[in-house]
Amino acid sequence: MSNFTMIGCGDIGFRVSRELIKQGHQVQATIHFEEGTNVPQSAGIETIIANFDYREDVPEISVHGQKLFYFMPPQGGGSSDYRMLNFCRILSVDNYPAKIVYISTSGVYGNCDDDLVTEETPVNPQTSRAKRRVSAEQQLKEQAEKFGFDLVILRVTGIYGPGRLPISQLTKGHEVLKPEDAPRTNRIHSLDLVQICLAAMERGEGGDIFNVCDGQESSMSDYFMAVADLYELPQPKQLSWVEAEKEMNPLTFSFLKESRRMTNRKMLDKLGIELRYPTLEKGLIACRTTS
Numbered sequence: 028m029s030n031f032t033m034i035g036c037g038d039i040g041f042r043v044s045r046e047l048i049k050q051g052h053q054v055q056a057t058i059h060f061e062e063g064t065n066v067p068q069s070a071g072i073e074t075i076i077a078n079f080d081y082r083e084d085v086p087e088i089s090v091h092g093q094k095l096f097y098f099m100p101p102q103g104g105g106s107s108d109y110r111m112l113n114f115c116r117i118l119s120v121d122n123y124p125a126k127i128v129y130i131s132t133s134g135v136y137g138n139c140d141d142d143l144v145t146e147e148t149p150v151n152p153q154t155s156r157a158k159r160r161v162s163a164e165q166q167l168k169e170q171a172e173k174f175g176f177d178l179v180i181l182r183v184t185g186i187y188g189p190g191r192l193p194i195s196q197l198t199k200g201h202e203v204l205k206p207e208d209a210p211r212t213n214r215i216h217s218l219d220l221v222q223i224c225l226a227a228m229e230r231g232e233g234g235d236i237f238n239v240c241d242g243q244e245s246s247m248s249d250y251f252m253a254v255a256d257l258y259e260l261p262q263p264k265q266l267s268w269v270e271a272e273k274e275m276n277p278l279t280f281s282f283l284k285e286s287r288r289m290t291n292r293k294m295l296d297k298l299g300i301e302l303r304y305p306t307l308e309k310g311l312i313a314c315r316t317t318s
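Quick note on numbering: the sequence shown equals residues 28 to 318 in the numbering used here.
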């Protein structure tokens, strides 16, 4: 029976934890606030209250020899991940994991236009949120080298799935770029991401980086329009670039400035992944019946 630690236990962390418990493993997970402990505890997860925003709020967490998933996103601001800095402070020669799987983002590559993005593509973060992710990756690489544990990095594209669809945005009249103007990107279904996380822990080697996506190119516009069709919602208003810059929320608009065509060949081959939802259509249909 192996012991696992989850740093952050949101949707994906909870699903991974639940799968590990089904397999007979013990799981401990950090929770930001005490109010969020009920659901994880009811699933058999040992919870640890830890607010990584403040150094003094991070307890001494025993992770020595454990397999650790790091799901917690960076804080909202700055170009460095200070939550990761506070996590790294709990590591020592007497307290470091056997392996960490870090869930990063494809945003670290920045705008790649029409180039095909592989794991060899240099990082080129162009937004503060992407710079925070590069900061987190670098901090973990330094800790892995210092203490000698294995580190696997998953650079994940847009996650969708049960409870993660833009239903509320569509009902509120969310706009999209005209399809012919929308940059290309990729997605991954949340349930596929769960199996990828588990495979990365089992079969990923120290130093491995994997691009995580379904392999189907689409755009944010395609995605919103497909969700609207499936749930019989009004189609979103389509804007030109000029209109979008004036009318869209700056944060939303910033996502549309980057184009990335990702290959998932390394993930499929080395981790032995067979995607349940290799297309957006299959994934969205499954969302109607999956919890």
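Glycine included, each C-beta is placed from N, C-alpha and C at the ideal position.
Of all alpha-carbon atoms in Asp80, Gly37, Val43, the one lying nearest the alpha-carbon of Thr64 is that of Gly37. Note that the C-beta distance between Thr32 and Leu95 is below 8 Å. Here the segment 103-117 makes contact with the segment 78-86; the two share three or more CB pairs at distances below 8 Å. Under the three-state reduction of DSSP output, Phe41 falls in the helix class. When DSSP reads this structure, Phe96 sits in a beta bridge with Met33, Val128. Per DSSP, Glu73 lies in no alpha helix (DSSP H); the unbroken beta strand (DSSP E) holding it starts and ends at 73-76. Contact check for Leu220 and Trp268: beta-carbon distance about 31 Å, past the 8 Å limit, so the pair fails to qualify. Excluding its 5 nearest sequence neighbours in each direction, Phe282 has C-beta neighbours in its own chain below 8 Å: Met247, listed in chain order. For Ala56, the enclosing beta strand (DSSP E) starts and ends at 53-58.
Here Pro149 is exposed: its Cβ has fewer than 16 other Cβ atoms, across all protein chains shown, within 10 Å. When DSSP states are grouped into helix, strand and coil, Gly231 belongs to the coil group.
Where Asn65 is concerned, the enclosing alpha helix (DSSP H) starts and stops at 65-69.
Distance from the CA atom of Leu266 to the CA atom of Val161, rounded to whole angstroms, is 32 Å. If you draw a straight line from the Cα of Thr316 to the Cα of Asn122, it is about 42 Å long. Glu202 sits away from Pro261, with the two beta carbons spaced by 8 Å or more.
When DSSP reads this structure, Ile186 sits in a beta bridge with Ile215. Between the segment 220-229 and the segment 39-51 there are three or more C-beta pairs closer than 8 Å, enough to call the two in contact. In the structure shown, the three-state DSSP call for Met252 is helix.
Annotation for Asn151: no beta strand (DSSP E) segment contains it, and DSSP assigns it neither H nor E. Using a Cβ distance threshold of 8 Å, His216 and Asp249 do not count as a contacting pair. Look at the beta carbons and you see the segment 134-149 not touching the segment 186-200: under three pairs across the two are nearer than 8 Å. For the pair Val239 and Thr184, the CB atoms are nearer than the 8 Å cut-off. With a cutoff of 8 Å on beta-carbon distance, Leu257 and Leu311 are scored as near each other.
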